[in-house]
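Numbering (this note's numbering), first residue to last: 219 to 281. These notes are about the structure you will find just below.
As structure tokens, then:
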């Protein structure tokens with residue numbers, strides 16, 4: 219039941235945005251969230267550089 223409600227919500231949201239903007243629907247893609255995260259990290263790095271911090275890659279990757 220929750221899956222049906224979630225699907226209906228998605229379809230209604232898409233329809234609303236199409237009617238609101240008048241633009242056709244386009245899929246964001248499978249790697250949209252990864253690209254968004256990468257852009258966020260790059261913006262944070264640029265912000266810190268503007269504030270005078272030196273940024274260097276870490277040796278240890280965190281999860």
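Beta carbons are placed, not taken as given, at the ideal position from N, Cα and C, and that holds for glycine.
*Just the Cα atoms here: how many angstroms apart are residue 241 and residue 233?*
11 Å
*Return the CA-CA distance between residue 257 and residue 273, expressed in angstroms with no decimal places.*
16 Å
*Excluding the 5 residues preceding and the 5 following residue 219 in the sequence, name in chain order all residues of the same chain whose CB lies nearer than 6 Å to its CB.*
none
*Hey, which unbroken runs of the beta strand (DSSP E) at 3 residues or more fall wholly within the stretch 233–269?*
none
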